[in-house]
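See structure below.
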Amino acid sequence: MDKIVGKRGGSEWGREAAIEEREAGSARPRPASRGLWIPSLAAMAWGPLSLREPFSSSFSRLAWLCGAGLALGALGAWAARGLERVGTVTGVTLYPVKSCRGINLQRAQVTPLGLQSGDLRDRFWLVIKEDGHMVTARQEPQLVLIVVNSENGQLILNAPEMKELAIPIKTPKENPVKNCRVFGLDVEGRDCGDEVAHWLTTFLNSEPYRLVHFETQMAPRKCEKIKIPFRPTDEVSYHDAAPILLMSEPSMEDLNTRLEKKRDLRYFRPSITVSGCGAYEEDTWDKIIIGDVELKLIMQCGRCILTTVDPDNGIIDRKEPLETLKRYRMCDPADKHIHKTAPLFGNYFGVDKVGTVHVGDPVEPQGQGVHLI
2 MDKIVGKRGG SEWGREAAIE EREAGSARPR PASRGLWIPS LAAMAWGPLS LREPFSSSFS
62 RLAWLCGAGL ALGALGAWAA RGLERVGTVT GVTLYPVKSC RGINLQRAQV TPLGLQSGDL
122 RDRFWLVIKE DGHMVTARQE PQLVLIVVNS ENGQLILNAP EMKELAIPIK TPKENPVKNC
182 RVFGLDVEGR DCGDEVAHWL TTFLNSEPYR LVHFETQMAP RKCEKIKIPF RPTDEVSYHD
242 AAPILLMSEP SMEDLNTRLE KKRDLRYFRP SITVSGCGAY EEDTWDKIII GDVELKLIMQ
302 CGRCILTTVD PDNGIIDRKE PLETLKRYRM CDPADKHIHK TAPLFGNYFG VDKVGTVHVG
362 DPVEPQGQGV HLI
């Protein structure tokens with residue numbers, strides 16, 4: 002397997018803002034014609050290629066063209082369906098180890114349990130205490146500095162001032178299965194061994210920790226036992242609450258206009274990032290189609306102290322951007338029993354139809370404003 006390299010790097014107010022933006026004519030520009038727009042993308046793809054370039058450069062561009070061709074095929078299918086484009090996928094991020102650095106991808110499979118790329122699956126590894134309770138960046142902020150990759154069936158871990166460590170992605174069956182606790186619910190995980198346990202404990206300078214791996218034959222956690230609005234069919238491994246967290250760049254940009262120190266979406270750890278929509282317009286989407294994937298909005302994401310951990314240095318602020326979000330992104334009083342004091346930023350989606358999502362895919366809503374918690 003090729004090496005996957007990670008990069009460093011609804012409230013009522015939200016609904017009203019999106020509506021006002023559309024009515025004022027300030028919503029994102031739309032292509033004037035699908036028939037003109039798709040060929041223009043092809044021209045952009047072909048234009049830069051030159052036979053005079055060195056082989057390596059030309060090869061890279063040809064590889065890019067192959068990807069562009071796939072994107073054009075998807076866009077052609079989208080246009081043939083006659084769907085309205087309300088946004089574009091600009092980021093697909095998989096987090097193999099909960100709370101560790103994500104891997105930015107060009108495409109990923111969307112499964113009932115979240116994203117998958119090759120042997121790596123989203124939040125299928127978890128750091129735990131010896132008693133089985135989960136450990137996240139809420140307790141150990143420097144977890145966000147651990148870079149996770151994969152190569153030749155190995156999970157590769159790197160961290161500042163630590164020697165690279167490789168462990169088998171398929172955990173040996175002789176390793177014991179541990180009972181773990183994730184947000185109050187029991188879930189199993191196979192212990193990944195003493196070497197990685199020592200590595201984590203050394204890097205974090207902490208009490209003894211273990212790493213466990215969720216396997217497909219293990220029983221996933223039922224999302225409806227985590228949060229009330231979820232459906233009986235919604236399940237996760239070690240995620241906080243849902244298989245997919247979707248966020249938009251315009252909403253992040255709006256938040257940054259209110260912050261003294263700018264943040265980016267890495268603080269919020271979305272699975273799928275979109276652009277080309279108005280700020281908080283994603284709050285109004287009920288069911289959406291991305292490529293051949295169908296997602297159902299379940300609820301908005303209540304944000305916690307983990308959003309105050311700086312992904313570049315692992316330092317926890319404990320205040321921002323949480324305090325700013327609390328000034329304008331609180332839930333309706335009727336939903337306070339669900340969200341309590343957490344501000345809302347981003348949306349949890351369940352998976353209605355599996356498939357593949359690509360950067361550049363159009364986002365099309367099947368329904369708007371049906372339900373929002």
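Note that the sequence shown covers residues 2 to 374 in the working numbering. Ideal Cβ positions, reconstructed from N, Cα and C, are used throughout, including at glycine.
- Listed in chain order, the non-local C-beta contacts of K297 below 7 Å within the same chain comprise K288, F350, G351 and D353, local neighbours out to five positions each way being set aside.
- The beta carbon of V183 sits closer than 8 Å to those of L127, M135, R222 and Y239, all from its chain and outside the five residues before and after it, given in chain order.
- Look at the beta carbons and you see the region 112 to 132 touching the region 205 to 216: at least three pairs across the two are nearer than 8 Å.
- Secondary structure in the region 112 to 173: the beta strand (DSSP E) runs of 3 residues or longer, each lying completely within the stretch, are 115 to 118, 126 to 130, 148 to 152, 155 to 159 and 166 to 169 in chain order.
- Separation of the CB atoms of F346 and C302 is rounded to 6 Å, and the pair is thereby assigned contact status at 8 Å.
- Straight across, the Cα-Cα distance linking K228 with I299 is about 10 Å.
- Contact between the region 168 to 184 and the region 201 to 210 is absent: fewer than three C-beta pairs spanning the two stretches fall below 8 Å.
- Here K263 is exposed. Its C-beta has fewer than 16 other C-beta atoms within 10 Å.
- Within the region 291 to 336, complete beta strand (DSSP E) segments of at least 3 residues are found at 294 to 303, given in chain order.
- The region 312 to 324 makes contact with the region 254 to 272; the number of CB pairs closer than 8 Å reaches 3 or more.
- If you compare the alpha carbons of L156, G190, L186 and L166 with that of E196, the shortest gap goes to L166.
- In this chain, M219 is not harboured by any alpha helix (DSSP H), its DSSP state being neither H nor E.
- Counting along the chain, L95 sits inside the beta strand (DSSP E) bounded by residues G88 to L95.
- Inclusion of V87 and V294 in the CB contact set at 8 Å is not warranted, their separation being larger than that value.
- Shortest Cα-Cα distance from A343 to any of G154, K174, T308 and S272 involves T308.
- Boundaries of the alpha helix (DSSP H) harbouring E254: E250 to N257, taken from the DSSP string.
- Put simply, of R139, H359, L106 and G361 the residue whose alpha carbon is nearest the alpha carbon of D318 is R139.
- Scanning P177, S118 and P142 for the CA closest to the CA of G154 turns up S118.
- In this structure, the beta-carbon distance from D187 to N176 does not fall below 8 Å.
- V275 and Y329 have their alpha carbons spaced roughly 22 Å apart.
- L156 and V148 have their C-alpha atoms spaced approximately 10 Å apart.
- For E283, the CB contacts under 8 Å within the same chain, skipping 5 residues up- and downstream, are G88, L247, M248, S249, S252, V275 and N348 in chain order.
- For D353, the secondary structure class from DSSP, reduced to helix, strand or coil, is strand.
- Here DSSP, grouped into helix, strand and coil, assigns F346 to strand.
- The beta-carbon distance between L260 and E321, rounded to whole angstroms, is 6 Å. This is short enough to meet the 8 Å contact definition.
- Within the same chain, Cβ atoms closer than 8 Å to the Cβ of I306 are found at R139, I317, R319 and L323, the five residues on either side in sequence being excluded.
- Less than 8 Å separates the beta-carbon of V90 from that of V358.
- Residue state for T274 is assigned as strand, using DSSP reduced to three classes.
- Apart from sequence neighbours up to five positions away, the residues of its chain that approach L116 with a beta-carbon distance below 6 Å are L95, A109, D123 and S272, ordered along the chain.
- By the neighbour-count definition (other C-beta atoms within 10 Å, threshold 16), A335 is an exposed residue.
- Annotation: the continuous beta strand (DSSP E) that includes L106 extends over I104 to L106.
- Y210 sits in a strand when the DSSP states are folded into three classes.
- Secondary structure at A109: strand, using DSSP grouped into helix, strand and coil.
- When DSSP states are grouped into helix, strand and coil, H199 belongs to the helix group.
- For N180, the beta-bridge partners assigned by DSSP are E189.
- Annotated three-state conformation of E261 is coil, per DSSP.
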